[in-house]
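In our numbering, the protein residues as written are 195 to 449.
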């Protein structure tokens, strides 16, 4: 049944979402121009900042949208605003504090430990977060005439979050297009990349040092390499070390 559902989503998104993208991109690709306007769902972390650099190279206009859902590390909001400012990108913060009232979790409550029991979702999973974020991003995108929405969700290193899966994004893409009668395309540049590959992409985009020093991925809100102890920092560090090792080996063989 899961395979059938995924196939249905894949088929529908090709017609409902990618048609608008393909028609526009085909005509502009030959002219070597950037394409349309995009909104990046932006947290100021490694993944979304890498996606922001990715979007800046592909779209004529890029804006960022950040959601304040009561996350306990407020530095996420501060860094998102600062990064957007440094890159000269319009930035908007939307109040989503209601989400914390509906779905308390370890990212919004100090009294909930960051943990994951076998067979269960991690306590850092925020119920409905991406569903709501992408929906509100789509509403905003339509108001400013943007058809492209970029997000850093990833199924390779997704910690078991169901709303980071490719099938969810494709399904929601169809739903948003039908709900608003508008040709959105949800872009997920990192969907099939692990953390090492994400560092590689940042490097290829000329953003490696910026992403490493300016972003905040740490669950404790510490920028750069963070606390080094929380699950998010450990994942980021492992990916960084592996990429640096791969890069060193590649540089050695190219001499």
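All C-beta atoms, glycine included, are put in the ideal place defined by N, C-alpha and C.
Under the assumption that residue i contacts residue j (Cβ atoms under 8 Å), give the Cβ distance between them as a whole number of angstroms.
i: residue 245; j: residue 344; result: 5 Å
i: residue 242; j: residue 346; result: 4 Å
i: residue 380; j: residue 328; result: 7 Å
i: residue 287; j: residue 334; result: Actually they are not in contact, since the Cβ atoms of residue 287 and residue 334 sit about 11 Å apart, beyond 8 Å.
With residue i as the anchor, note down where its beta strand (DSSP E) starts and where it stops.
i: residue 285; result: 285-289
i: residue 388; result: Unbroken run through residue 388: none, as it is neither H nor E.
i: residue 257; result: 255-262
i: residue 379; result: 379-381
Between residue i and residue j, is the Cβ-Cβ spacing less than 8 Å?
i: residue 420; j: residue 427; result: yes
i: residue 342; j: residue 253; result: yes
i: residue 274; j: residue 340; result: no
i: residue 429; j: residue 351; result: yes
i: residue 422; j: residue 393; result: no
i: residue 248; j: residue 425; result: no
i: residue 251; j: residue 399; result: yes
i: residue 325; j: residue 290; result: no
i: residue 396; j: residue 370; result: no
i: residue 256; j: residue 235; result: no
i: residue 278; j: residue 285; result: yes
Starting from residue i, trace the alpha helix (DSSP H) both ways and give me its first and last residue.
i: residue 362; result: 360-374
i: residue 331; result: 323-337
i: residue 249; result: 240-250
i: residue 438; result: 425-447
i: residue 270; result: 269-280
Measuring alpha carbon to alpha carbon, tell me which residue in the options is nearest residue i.
i: residue 237; options: 269, 255, 230 and 229; result: 269
i: residue 404; options: 280, 228 and 368; result: 280
i: residue 356; options: 407, 229 and 321; result: 321
i: residue 349; options: 446, 325 and 385; result: 385
i: residue 292; options: 265, 276 and 285; result: 265
i: residue 262; options: 323, 228 and 337; result: 323
- Message: Quick check: the stretch 404-416 against the stretch 371-380, are at least 3 beta-carbon pairs closer than 8 Å?
- Response: no
- Between the stretch 381-389 and the stretch 427-438, are three or more C-beta pairs nearer than 8 Å? yes
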